[in-house]
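Q: Note that this note's numbering has the sequence shown beginning at 3, numbered continuously upward.
Provided herewith is a single structure, encoded as structure tokens, for subsequent inquiry.
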Amino acid sequence: MAKIIAVANQKGGVGKTTTAVNLSAGLALAQRRTLLIDMDPQGHSTSGLGLVDPGPSGGAYPVLIGKIGAQEVTRGTSLPFLQVIPSGVDLIGVEVELVSVDNREGRLRAAISSLDAQYEFILIDCPPSLGFLTLNALLAAHSILIPLQCEYYALEGLSQLLRTVNLVRTRFHHSSLRIEGVLLTMFDPRTALSHQVAAEVRAHFDGKVFESVIPRNVRLGEAPSHGKPAVLYDSKASGSMAYLHLTEEILANG
């Protein structure tokens with residue numbers, strides 16, 4: 003059975019998509035059968051893996067509305083062990099289209115249930131919001147990985163995300179949803195602020211913060227424009243090495 007991890011934070015610009023792309027690539031490099039589901043209408047995970055558009059079969063949108071099966075929209079990448087369900091701007095309107103549908107929050111969970119045996123890991127890149135798409139991702143997931151930037155107001159809004167997690171556990175009877183871990187991103191070792199925020203987060207989430215810390219790194223920013231995960235674009239860059247270390251932590255967690 004696949005381990006399903008939602009990568010989520012309603013705050014934009016925290017390294018969420020960078021984390022989803024590079025962690026999925028790291029797992030694939032470790033020869034773990036991995037699927038990345040792009041649930042963000044911006045489609046940055048899709049383009050970050052070198053796919054220009056969802057392709058003729060579409061992507062997550064037709065799957066969510068029940069037009070086509072998840073297996074039919076799954077596409078390969080440059081990594082043999084990594085596949086992706088792509089995204090596109092049509093995802094923006096999916097909530098309106100499903101407004102009168104029963105159990106609409108569970109559409110993704112139902113759609114990917116048939117894929118469970120094919121993969122060891124399924125990662126879901128969520129949009130920067132706590133709306134319909136993120137709720138679908140949380141209901142489908144076993145755990146949530148929260149990227150958190152080492153900047154001022156880092157914890158701002160995080161309480162709302164945790165309330166949403168508790169809502170999913172109680173109202174939607176998904177009590178097994180757990181916090182996979184908090185990932186510190188955009189860490190700058192030269193600044194006192196980064197160290198201060200890191201210490202504050204570790205104190206606040208005792209035992210729930212990954213040892214791996216993602217630094218500010220030019221290569222992480224360059225890689226998407228080349229349609230490659232940073233771990234392939236420059237495997238020796240500090241950001242790439244940090245994501246490979248995170249991969250080891252995830253594998254060690256089981």
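Glycine included, C-beta positions come from ideal geometry on N, C-alpha and C.
Bear in mind that the values here come from a model prediction, so they are computed numbers and not experimental data.
(1) Could you please give me the residues that DSSP links to S145 through a beta bridge?
(2) L231 and A27: beta carbons closer than 8 Å?
(3) Consult DSSP for M188 and reduce its assignment to one of helix, strand or coil.
(4) Check G133 in the structure and name its three-state DSSP category.
(5) Where do the ends of the beta strand (DSSP E) carrying L117 lie?
(6) Does the beta-carbon distance from L31 to V233 come in below 8 Å?
(7) Just to confirm before moving on: does the CB-CB distance between Y245 and L29 stay below 8 Å?
(8) Apart from the five residues on each side of it in sequence, which residues of its chain come closer than 7 Å, Cβ to Cβ, to A94?
(9) Tell me whether H46 is buried or exposed, calling it buried when 16 or more other Cβ atoms sit within 10 Å of its Cβ.
(10) What is the DSSP secondary structure of G78, counted as helix, strand or coil?
(11) Let me confirm a value: K13 is counted as buried when at least 16 other C-beta atoms fall within 10 Å, else exposed. Which label applies?
(12) I6 and H175 - do their beta-carbons sit closer together than 8 Å?
(13) Would you decide whether V170 is buried or exposed? Buried here means 16 or more other CB atoms lie within 10 Å of its CB.
(14) Could you compute how far the alpha carbon of D190 sits from the alpha carbon of I70?
(15) How about I126 and M3: do their beta carbons lie closer than 8 Å?
(16) Whole angstroms is fine: what's the gap from E153's alpha carbon to K18's?
(17) Can you give the Cα-Cα distance for E202 and L66, rounded to whole angstroms?
(18) From M243 to G61, what does the alpha carbon distance come to, in whole angstroms?
(19) Which partner residues of I124 appear in the DSSP bridge assignment?
A: A quick look at the data gives this:
(1) Residue pairing by DSSP places S145 opposite I7 and R180 in a beta bridge.
(2) Leu is not the amino acid found at residue 231; the sequence shown has Pro there. Inclusion of P231 and A27 in the CB contact set at 8 Å is warranted, their separation being smaller than that value.
(3) Here M188 sits in strand by DSSP.
(4) Three-state DSSP puts G133 in coil, outside helix and strand.
(5) It is not in any beta strand (DSSP E) - L117 carries neither H nor E in the DSSP assignment.
(6) Yes, Cβ-Cβ distance for L31 and V233 is below 8 Å.
(7) In this structure, L29 does not lie closer than 8 Å to Y245 by Cβ.
(8) For the sequence presented, residue 94 should be read as Ile rather than Ala. The answer, listed in chain order, is P43.
(9) If you draw a 10 Å sphere on the C-beta of H46, you find 16 or more other C-beta atoms in it, and that means buried.
(10) Secondary structure of G78 (DSSP, three-state): strand.
(11) Under a 10 Å Cβ-count criterion, K13 is classified as buried, with 16 or more other Cβ atoms of the shown protein chains found around its own Cβ.
(12) Against a cut-off of 8 Å, the Cβ pair of I6 and H175 comes out as no contact.
(13) Within a 10 Å sphere around the beta-carbon of V170 sit 16 or more other beta-carbons, which makes this residue buried.
(14) Rounded to the nearest angstrom, the two C-alpha atoms are 44 Å apart.
(15) The answer is no: Cβ separation not under 8 Å.
(16) Taking the straight line from one Cα to the other gives about 15 Å.
(17) Looking at the backbone, the Cα of E202 and that of L66 are separated by about 39 Å.
(18) About 30 Å.
(19) I124 is bridged to I6 and L37.
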